[in-house]
Amino acid sequence: MTDVDMFATSDQRTRYEQYRQLRELGPVVRLREPDTYAVTRYAEVKAALADHTSFISGEGVGFNPELNQMIRGTTLVSDPPEHDLLRSVVADGLKPRVIRGRGEEIAQKARSLVADVVSKGEIEGVRELAEAMPMSVIPDFLGLPERNRDHLYEWAKVGGDLLGPVTERTPQNLEMTQSMVRFTHELAENREVAPGSLSAAMLEAADEGVIPPEKCPLLFIDYINPSLETTASAIGHLLVIFAERPDQWAALRAEPGLVASTINELVRYESPFRGFTRVATRDTELGGVTIPRGARVWPLVASANRDERKWERADEFDFRRNPIDHLGFGYGTHTCAGQGVARLELHALIHALLDSVERIELTGDPVIAENAMVNTYAEIPVRLVTGKAA
Ligand code: HEM
732 MTDVDMFATS DQRTRYEQYR QLRELGPVVR LREPDTYAVT RYAEVKAALA
782 DHTSFISGEG VGFNPELNQM IRGTTLVSDP PEHDLLRSVV ADGLKPRVIR
832 GRGEEIAQKA RSLVADVVSK GEIEGVRELA EAMPMSVIPD FLGLPERNRD
882 HLYEWAKVGG DLLGPVTERT PQNLEMTQSM VRFTHELAEN REVAPGSLSA
932 AMLEAADEGV IPPEKCPLLF IDYINPSLET TASAIGHLLV IFAERPDQWA
982 ALRAEPGLVA STINELVRYE SPFRGFTRVA TRDTELGGVT IPRGARVWPL
1032 VASANRDERK WERADEFDFR RNPIDHLGFG YGTHTCAGQG VARLELHALI
1082 HALLDSVERI ELTGDPVIAE NAMVNTYAEI PVRLVTGKAA
């Protein structure tokens, strides 16, 4: 058991040192506050995520009971068989072939975004690039209407933070989440979604009696909430990582075939999501520790992805590594449903940057965002120096 505070904003810069200390304490460490069994090492995190009957999601995947209740019954906060039914509703629209079919459209969006920021030279990287990329892709991909697009990002952002324990930010975050919930109900009632889109497939599933109609707003939440800030987090880290490692940027420009490897390493090295929680349904042994029935369990994917037992030079970023078995998109039954889309966005954006940006230079200190569960930046002052790839 440890008294360490895993949520103190003051420790954000030393988060990976904190994870290392927890891993040394053991594969499963009980946190006193909030009372939780943190799973710290790769093997045990993977085992916990694989065992979805001992460690369930239906009792909430965060620490905040109100939020857990609010999003209960979404794909994220449900268990098989209900969970599998909800995932099947969108399965066709998320098939690799279908996603690849959007490749040129997404590449075009990335190129136009990069042309715009490159013409400015110096930008605030979070707002102008990291957030702008998923915002240019996801609302259209989901088939959402134009109204409220200004709010989507903020809603997604507070959703991640709200999964953490209650803070002074909680009341305002809850209010904003309630606005999002109201919006998703209006979308379902008024059928305000683009024909042929992922959201339309959800409404059709209800029309055909595959799912009850009241599931539609919950499914909209499923795909609005985790699809924006996570990808933006990865893009923000991409900027900072390559600004700090100009040699690796130059090497990647010479070998653009390694973009897929770079994406895996990015999501391993700076996992956007620290880890979703579970609840133990029975006394379960994990890593030599008995986790009692009813306990909240926190498989820390961000720590697993830096576990020195699993990875050589775990704390080094190396775009050539291609760590295909990282846990940054989760593992098991709840593994990220939108990772194909996220990868395509990152792929398109990195290629667009490689084509025209010779150097990424920080023009000030990046500011880490105050967010309990998403590892991301609030501000990245950055200059994109142009130069054609060789
Ligand atoms: C770099 C970007 C992303 C990262 C790192 C990420 C990470 C994750 C993780 C770790 C989970 C597992 C949740 C759990 O274990 O309880 C998850 C689930 C999920 N993600 Fe993503 N995600 C990303 C982008 C997206 C996008 C773009 C979408 C939608 C288009 C999306 C939709 C979902 C959904 C619906 C789930 C719930 C799946 C389920 O419970 O079966 N994600 N994501």
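Numbers 732 to 1121, taken from the working numbering, label the letters of the sequence shown in order.
Glycine is no exception: its CB is placed at the ideal position from the N, C-alpha and C atoms.
Model, not experiment: these values are computed from the prediction.
Cβ pair Tyr1108, Phe1048 closer than 7 Å: In this structure, Tyr1108 sits away from Phe1048, with a CB-CB distance that is not shorter than 7 Å.
Any chance the region 1018-1034 sits against the region 912-931, with 3 or more Cβ pairs inside 8 Å? No, they do not touch.
Mind checking whether the beta-carbon of Leu1080 lies closer than 6 Å to any heavy atom of the ligand HEM? No, the Cβ of Leu1080 stays beyond 6 Å of every heavy atom of the ligand HEM.
Measuring alpha carbon to alpha carbon, tell me which residue in Pro896, Glu748 and Val924 is nearest Arg880. Ranked by Cα distance from Arg880, the options Pro896, Glu748 and Val924 are led by Val924.
Can you list, in chain order, the residues of its chain with a C-beta nearer than 8 Å to that of Gln800? Leave out the 5 residues immediately preceding and following it. For Gln800, where only same-chain residues beyond five positions count, the Cβ hits under 8 Å are Gly791.
Can you find the residues in the same chain that come closer than 7 Å, C-beta to C-beta, to Gln743, ignoring five residues on each side of it along the sequence? Closer than 7 Å at Cβ, skipping near neighbours: Ile1099.
Would you say the beta carbon of Thr1105 is closer than 6 Å to some non-hydrogen atom of the ligand HEM? As written in the sequence, residue 1105 is Val, which differs from the Thr given in the question. Not under cutoff, so the answer is no.
Give the secondary structure of Val889 by DSSP, where H, G and I count as helix, E and B as strand, and everything else as coil. Correct three-state label for Val889: helix.
Helix or strand or just coil, what does DSSP make of Arg818? Arg818: helix per DSSP, three-state reduction.
Helix or strand or just coil, what does DSSP make of Ala936? DSSP places Ala936 within a helical segment (H, G or I) once states are collapsed to three.
Simplified DSSP assignment, three categories, for Ser768: Strictly speaking, residue 768 in this sequence is Tyr, with Ser absent from that position. Correct three-state label for Tyr768: strand.
Return the residue from the list Gly1063, Ala1079 and Glu855 that minimises the CA-CA distance to Ser1122. The structure shown does not extend to residue 1122, since the chain is modelled only from 732 through 1121, so no value can be given for it.
What ranges does the beta strand (DSSP E) occupy inside the region 1086-1118, keeping only unbroken runs of at least 3 residues that lie completely in it? Runs found: 1088-1093, 1108-1110 and 1112-1117.
Can you tell which of Ala936, Glu1092, Ala965 and Gly1006 has the C-alpha that lies nearest to the C-alpha of Asp978? Here the closest residue by C-alpha is Glu1092.
Does the beta carbon of Phe951 fall short of 6 Å from some heavy atom of the ligand HEM? Phe951 Cβ: outside cutoff for every heavy atom of the ligand HEM.
Taking 7 Å as the threshold (C-beta atoms), are Gly890 and Ser930 in contact? Not a contact, by the Cβ cut-off of 7 Å.
Just to confirm, is the Cβ distance from Glu838 to Ala963 under 7 Å? Checking the sequence, you will find Ala at residue 838 rather than Glu. Cβ distance not < 7 Å, so Ala838 and Ala963 don't count as in contact.
C-alpha distance - Trp886 paired with Arg976, whole-angstrom precision: Between the alpha carbons of Trp886 and Arg976 lies a distance of about 33 Å.
Which residues in the same chain have their Cβ closer than 7 Å to the Cβ of Arg1024, if we skip the five residues on either side of it in sequence? Within the same chain, and ignoring the five residues on either side of Arg1024 in sequence, the residues whose Cβ sits closer than 7 Å to its Cβ are Ala1011, Thr1012, Arg1013 and Asp1014.
Alpha-carbon spacing of Tyr773 relative to Asp1038, whole angstroms: Taking the straight line from one Cα to the other gives about 6 Å.
Work out the CA separation of Gln909 and Arg878 for me, nearest whole Å. C-alpha separation (whole angstroms): 17 Å.
What would DSSP say about Val1010, mapped onto helix, strand or coil? Here Val1010 carries a strand assignment [DSSP, helix/strand/coil].
At a cut-off of 6 Å, is Gly824 close to the ligand HEM when judged by its beta-carbon and the heavy atoms of the ligand? In this structure, the ligand HEM has no non-hydrogen atom nearer than 6 Å to the beta-carbon of Gly824.
Using the three-state DSSP reduction, which class does Pro926 fall into: helix, strand or coil? Looking at Pro926 - three-state DSSP - the assignment turns out to be coil, as it is neither helix nor strand.
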